[in-house]
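Asker: The listed protein sequences correspond, in order, to chains H and U. Under this note's numbering, the first residue of the first sequence carries the number 1, and numbering increases by one thereafter. Under this note's numbering, the first residue of the second sequence carries the number 1001, and numbering increases by one thereafter. Dumping the structure here so I can ask a few things about it.
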Amino acid sequence: MTAIDSRSTIISNQWVNDEYKHMIIQVDEKAANVKPGQFFNLLCPQTQADKPFFRRPMSTYFANSQTGQVEFLYKVTGSGTRTLAELKTNDKLPVLGPLGKGFNLKDHYKHILVVGRGVGLATLAPLAEAAAEKNILVTALLSARNSDSLMSQARFLNVNANVIEVIDTDNSSRVENVEAIILAEHQKRPIDAMFTCGSTRLTKLLQKIAINHNIDGEVALEQHMACGIGMCYCCVKPFNIEGESQPRSKRVCIDGPVFDIKEFMA
Amino acid sequence: MSDLSVDINGLILNNPIMPASGTFDKELSDIIDFNQLGAIVTKTFTADKRAGNPVPRACELPNAMLNAIGIPSKGLNNYIEQTVPYYQQYTSPLITSISANTATDFGLLAAKLDMVDGITAIEANISCPNIEAHGKAFAMEADSTAKVVKELRKATTLPLWVKLTPNTGDIISVAKAAQEYGADAVIVGNTVLGMAIDINTRRPKLGNIMGGLSGPAIKPIMIRMVYQCYKNINIPIIGCGGITTVDDVIEYFLAGSSAVQVGTANFIEPSTMSNIIDGLQAYCQQNNITRLRDLTGAIIDEKFAAIDALPY
């Protein structure tokens, strides 16, 4: 990992719907050399109303190392994202990144499944694109509360992913239904690896399928962080490591945020 | 060029800037040049492995951080085999921060470090709970400070820095005890015990319920304690608490510090220490300060004239 401390410039920061904003920043080309699943730690400005103190970790929605542009999709929920939401074109935003370990697309994969919910979809969209570049077929199972909350479909469709949408309002997002869909897809065309982000329930489901069917799997996790580079030890989680009798702590920022799904502990 | 070097009881540092233990690790080498630092202070470790506290381990407050990390430790052997060799590639002196549950254990740990090549000094983090005193931190009282520093002094010939806590009612007596029993320097101070509650969930914001407050919000408390210690002891004081700028460093010097530790700011702005070192040189040149160490205790602290009038 090489973390780069940059003072980025806001290119645009637009609402996508009532809750989410899409921000494009300009960093140098080196900092924009991002692997899907990696994140930046953003120094949110302080305003009259909100005084965020820590940086906010945010996974990249898109990054182009040629142009130096990096994009984020974020839900405006707390003091940090509220002040981010106020940033205008040409404002400066200190960012640290890219940070952490991203997803691993192994060369022998022919068909992968990505399963995302909510803002987790933003983390998985670049992975689908990276897979397409390697001629890996992508099945994208997108989950949300309702159809209005589904985002990023275009990103998956653009890479010819097999897109399956499930939502809470018609009960199609129930874990049992999602399981049946995944197993049917696996029956049709074997899945070599599964990747997920954004839901503990879906992660546990994928973990079960990964173990029962001996399929590779990775999950991108979230955790409150302070430094984002491994110094503060705030973002630890326990993991089950193969061959070890006791769980072991890992730092989500530097040991992850992407982990082997078999290690995941709810 | 101004002289930024400082003298910590015979140990000369190129400049007064070093990290506070627990806020620094090798990952920062991506961002700053470790050879620039006056000293390197590693994360506090204990003799044995320990897990640390449950999450959430930290929460943010206005201009401050509340944390209860709980000193997760990979143990002494890991420190000697992995950490010390890593830092030998750098020229900055390595200060080893240690913690233990009893005065005897502190001594045993320090003795094992005494002959390790590559360690310049020991920082004893005596703000940790003293198991023999029902979990009260050693540095909360002069007696327990005396006891632990005595054991440490017997155990090591290395320079001994003792990190005090603001969670005492009598910092002067504690600092005097550290001096009397052989500390080469004291660090003033550590985090301030605090607590925060989420009013929606009605639960504490930290997994350990209480934790240590750090960051700019606590700086006035630490400046006061550095000032009080400077007036009452003769060993060097290393100031610590809420430093983010060159101005903060100068303030700590005027209060009586001979060097400073930068902590929470490293999490928020990882180039803080590097920026301060560059800025200190500029500050000294602009203010015709040839030797930074001359600022230690240089506060003009005559009381202002009394009001010569009746009340109101």
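From the three backbone atoms N, C-alpha and C, an ideal C-beta is built for every residue, glycine too.
By alpha-carbon positions, which one of H:Ala85, H:Lys75 and H:Ile112 ends up nearest to Gly118 (chain H)?
Answerer: Of the candidates H:Ala85, H:Lys75 and H:Ile112, the one whose C-alpha sits nearest the C-alpha of Gly118 (chain H) is H:Lys75.
Asker: Could you tell me whether any Cβ in chain H is nearer than 8 angstroms to the Cβ of Gly1052 (chain U)?
Answerer: It does: the Cβ of Gly1052 (chain U) has a partner Cβ on chain H nearer than 8 angstroms.
Asker: Identify each residue in the segment 1011 to 1027 of chain U for which the Cβ-Cβ distance to at least one residue of chain H is less than 8 angstroms, and report them in chain order.
Answerer: Within the segment 1011 to 1027 of chain U, the qualifying residues are Gly1022, Thr1023, Phe1024, Asp1025 and Glu1027.
Asker: Is Gly116 (chain H) buried or exposed, if buried means 16 or more other CB atoms sit within 10 Å of its CB?
Answerer: Buried: at least 16 other Cβ atoms inside 10 Å.
Asker: In the structure shown, what three-state DSSP assignment does Ile1032 (chain U) receive?
Answerer: Coil at Ile1032 (chain U), not helix or strand.
Asker: Over what stretch of residues does the beta strand (DSSP E) that includes Pro57 (chain H) continue unbroken?
Answerer: Its beta strand (DSSP E) spans residues Arg56 to Ser59.
Asker: Compute the Euclidean distance between the alpha carbons of His224 (chain H) and Glu1132 (chain U), then round it to the nearest angstrom.
Answerer: Taking the straight line from one Cα to the other gives about 34 angstroms.
Asker: Output, in chain order, the set of chain U residues within a Cβ distance shorter than 7 angstroms of Arg55 (chain H).
Answerer: Those are Ile1268, listed as they occur along chain U.
Asker: If distances are taken between C-alpha atoms only, which option among U:Lys1219, U:Lys1147, U:Ile1233 and U:Ile1199 comes closest to Val1186 (chain U)?
Answerer: It is U:Ile1233 whose Cα lies nearest to the Cα of Val1186 (chain U).
Asker: What would DSSP say about Cys1284 (chain U), mapped onto helix, strand or coil?
Answerer: Cys1284 (chain U) falls in the helix class under three-state DSSP.
Asker: Quick one: what does DSSP say Ser152 (chain H) is sitting in, helix, strand or coil?
Answerer: In the structure shown, Ser152 (chain H) sits in coil (DSSP, three-state: anything other than H, G, I, E or B).
Asker: Thinking Lys1219 (chain U) and Gly1242 (chain U) are a contact (beta carbons under 8 angstroms), I'd like their distance in whole angstroms, please.
Answerer: The pair is a contact, with the Cβ atoms about 3 angstroms apart (cut-off 8 angstroms).
Asker: So what does DSSP say about His111 (chain H), is it helix, strand or coil?
Answerer: Of the three classes helix, strand and coil, the one that applies to His111 (chain H) here is strand, per DSSP.
Asker: Among the candidates H:Val70, H:Ala266 and H:Gln38, whose CA atom is the shortest distance from the CA of Cys253 (chain H)?
Answerer: Nearest of H:Val70, H:Ala266 and H:Gln38 to Cys253 (chain H), Cα basis: H:Gln38.
Asker: So for Cys232 (chain H), helix, strand or coil by DSSP?
Answerer: Correct three-state label for Cys232 (chain H): coil.
Asker: Can a CB atom of chain H be found closer than 8 angstroms to the CB of Gly1194 (chain U)?
Answerer: Not closer than 8 angstroms to any Cβ of chain H, the Cβ of Gly1194 (chain U) fails to qualify, so no.
Asker: For the candidate residues H:Ile191, H:Pro238 and H:Gln69, whose alpha-carbon lies nearest to that of Ser249 (chain H)?
Answerer: When each option's Cα is compared against that of Ser249 (chain H), the closest is H:Pro238.
Asker: Buried or exposed for Tyr61 (chain H), please, with buried defined as at least 16 other CB atoms from any protein chain shown within 10 angstroms of its CB.
Answerer: Buried, by the Cβ-count rule.
Asker: Check whether the Cβ of Lys30 (chain H) lies closer than 8 angstroms to any Cβ atom in chain U.
Answerer: Cβ-Cβ to chain U under 8 angstroms: no for Lys30 (chain H).
Asker: Can you check the segment 1147 to 1229 of chain U for any alpha helix (DSSP H) of at least 4 residues that lies completely inside it and give the ranges in chain order?
Answerer: If we require 4 residues or more, the alpha helix (DSSP H) runs fully inside the segment 1147 to 1229 of chain U come out as 1171 to 1180.
Asker: Using Cβ-Cβ distances below 8 angstroms, what residues of the segment 1120 to 1136 of chain U are close to chain H?
Answerer: Residues passing the 8 angstroms Cβ filter: none.
Asker: Where do the N-terminal and C-terminal ends of the beta strand (DSSP E) with Ser79 (chain H) fall, by residue?
Answerer: Ser79 (chain H) -> not in any beta strand (DSSP E); alpha helix (DSSP H) instead, spanning Ser79 to Ala85.
Asker: Can you find the residues in the same chain that come closer than 6 angstroms, C-beta to C-beta, to Leu137 (chain H), ignoring five residues on each side of it along the sequence?
Answerer: Cβ within range, chain order: His111.
Asker: According to DSSP, is Arg174 (chain H) helix, strand or coil?
Answerer: In this structure, Arg174 (chain H) counts as coil in the three-state DSSP scheme.
Asker: If contact means a Cβ-Cβ distance below 7 angstroms, which residues of the segment 232 to 248 of chain H contact chain U?
Answerer: Cβ contacts with chain U: Cys232, Tyr233, Cys234 and Val236.
Asker: Taking 8 angstroms as the threshold (beta carbon to beta carbon), is Arg1057 (chain U) in contact with chain H?
Answerer: It does; some Cβ of chain H falls within 8 angstroms.
Asker: Since I believe Thr89 (chain H) is in contact with Ile10 (chain H) (beta carbons under 8 angstroms), could you give me their beta-carbon distance rounded to a whole number of angstroms?
Answerer: Contact flag correct, Cβ pair sits at about 6 angstroms.
Asker: Check distances from the C-beta atoms of the segment 52 to 86 of chain H to those of chain U and list, in chain order, the residues that come in under 8 angstroms.
Answerer: Listed by position along the chain: Pro52, Phe53, Phe54 and Arg55.
Asker: Quick one: what's got a C-beta closer than 6 angstroms to Ala144 (chain H)'s C-beta in the same chain, skipping five residues either side?
Answerer: Result list for Ala144 (chain H): Leu150 and Ile167, in chain order.
Asker: Name the chain U residues whose beta carbon is nearer than 7 angstroms to that of Thr2 (chain H)?
Answerer: Within 7 angstroms Cβ-Cβ: Asp1030.
Asker: Measuring alpha carbon to alpha carbon, tell me which of U:Ser1002, U:Ala1068, U:Ile1017 and U:Arg1291 ends up nearest Cys235 (chain H).
Answerer: Ranking the options by Cα distance to Cys235 (chain H), first place goes to U:Ala1068.
Asker: Kindly indicate which three-state DSSP category Ile1289 (chain U) falls into: helix, strand or coil?
Answerer: Coil.
Asker: Counting only beta-carbon separations shorter than 8 angstroms, does Ser1271 (chain U) have a partner in chain H?
Answerer: For Ser1271 (chain U), the answer is yes, since a Cβ of chain H falls inside 8 angstroms of its Cβ.
Asker: Within a Cβ cutoff of 7 angstroms, which residues of the same chain sit near Ala1051 (chain U), ignoring the five residues on either side of it in sequence?
Answerer: Here the set comprises Pro1072.
Asker: Does any residue of chain H bring its CB to less than 8 angstroms from the CB of Met1065 (chain U)?
Answerer: By this cut-off, Met1065 (chain U) is an interface position.
Asker: Alpha carbon to alpha carbon, how far is Met1065 (chain U) from Asn1200 (chain U)? Give it in angstroms, no decimals.
Answerer: The straight-line gap from Cα to Cα measures roughly 20 angstroms.
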